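This report concerns only the one structure given below.
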């Protein structure tokens, strides 16, 4: 059913709008990238989880209604994307980053109300990676903001999904197997709630998990489920964007079941091994995948707008 729904959506909204280009704002808001990056730097200085929170926000946005910043919308009746249980774990630091960047952009008279929240989020996600030691890539711009956000529209990958189910979701958006493995590398920083891994620890340990790693996790995550306790997705270099995530998978130290399956399944194990041994290959694949992700169901002036406040439709 999910695949049918996604297929229908993709017929109605093609992956890429013709207006997307890396120099879209060159004559509209020429200092855009510096303004956004400065805001991201300021937010990162205030909160160490800003970068992973912002990257995750972009992913959650693009996978639901496309890259249109609909994840930012607040509806008075509570019927919006971020009130869906799958979005409860999104950290406010990501939202604050976009709002700070929007304020910085609109403070420039040349840019006021001319840059979409969707484009600001795309740039902030790139800069979050870059400022954490990851790669730079030119971000395609020209998205318009969505006008609608509803809880029922949220369909996202879950930590207990099989590789087949994950690939079904990604392929519906034009993302291939390499994109799936590369985008999963975003888990090289950030954290996850114990609620997502307790079923791998209790009553017995998931046999695909490194026993020593499992013992360490049990020391943090009690058997009595507590969704307010978090553990790092990559405990080795939790604040850096690097390829340690893939090295962890090789050792059975993938935190989520959907992470570890990438190494345990022979169809993706080769890609994991390549990224673990070659950070440059991971960075290249990640930038390619992020560019493709950023093209999903892009809105135009015909079905979107430039929101004056990212939290509310105009």
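Residue numbers (the working numbering): 311 to 624. For each residue, glycine too, the CB sits at the ideal point set by N, CA and C. Here the structure is a predicted model, which means the values were calculated and not measured.
According to DSSP, residues forming a beta bridge with residue i
i	result
residue 622	619
residue 451	331
residue 609	454
Cβ distance (whole Å) where residue i is taken to contact residue j below 8 Å
i	j	result
residue 497	residue 569	6 Å
residue 449	residue 430	About 10 Å separates the two Cβ atoms, so there is no contact after all.
residue 441	residue 577	That pair is no contact at about 33 Å.
residue 361	residue 492	So it is not a contact: roughly 17 Å between Cβ atoms.
residue 347	residue 400	About 22 Å; that fails the 8 Å criterion.
residue 417	residue 377	Contact doesn't hold; Cβ gap of about 24 Å is too wide.
Beta-carbon gap between residue i and residue j smaller than 7 Å
i	j	result
residue 393	residue 461	yes
residue 456	residue 609	yes
residue 339	residue 436	no
residue 432	residue 604	yes
residue 543	residue 565	yes
residue 379	residue 407	no
residue 585	residue 445	no
residue 396	residue 466	yes
residue 537	residue 503	yes
residue 621	residue 382	yes
residue 562	residue 520	yes
residue 329	residue 452	yes
residue 489	residue 567	no
residue 616	residue 375	no
residue 495	residue 555	yes
residue 410	residue 349	yes
residue 403	residue 357	yes
residue 388	residue 550	no
residue 540	residue 505	no
residue 515	residue 574	no
Classification of residue i by the beta-carbon crowding that lies within 10 angstroms, buried from 16 upward
i	result
residue 511	buried
residue 612	exposed
residue 522	exposed
residue 313	Low confidence applies here, because residue 313 scores a pLDDT of 42, under 50, leaving its location unreliable; read the following figure in that light. Exposed, by the Cβ-count rule.
residue 552	buried
residue 438	buried
residue 590	exposed
residue 580	exposed
residue 351	exposed
residue 607	buried
residue 535	exposed
residue 558	buried
residue 499	buried
residue 597	buried
residue 480	buried
residue 482	buried
residue 405	buried
residue 355	exposed
Open item on the list: What ranges does the alpha helix (DSSP H) occupy inside the segment 512-564, keeping only unbroken runs of at least 4 residues that lie completely in it?
Closed with: Segments of the alpha helix (DSSP H) lying fully in the segment 512-564: 521-530, 554-560.
- [ ] Could I get the ranges of all uninterrupted alpha helix (DSSP H) runs contained in the segment 474-513, with 4 residues as the minimum, in chain order?
- [x] Within the segment 474-513, the complete alpha helix (DSSP H) segments at least 4 residues long are 487-494, 508-511, listed from N- to C-terminus.
- [ ] Starting from the N-terminal side, write out each stretch of the alpha helix (DSSP H) that is 4 residues or longer and does not extend beyond the segment 567-591.
- [x] With a minimum length of 4 residues, the unbroken runs of alpha helix (DSSP H) contained wholly in the segment 567-591 fall at 567-574, 576-587.
Open item on the list: Quick check on the DSSP output: what are the complete beta strand (DSSP E) runs of length 3 or more inside the segment 337-382, in order along the chain?
Closed with: Fully enclosed beta strand (DSSP E) runs of 3 or longer: not present.
Task: Uninterrupted alpha helix (DSSP H) stretches inside the segment 385-446 (no shorter than 4 residues) - done: Runs of the alpha helix (DSSP H) inside the segment 385-446: 402-416, 427-440.
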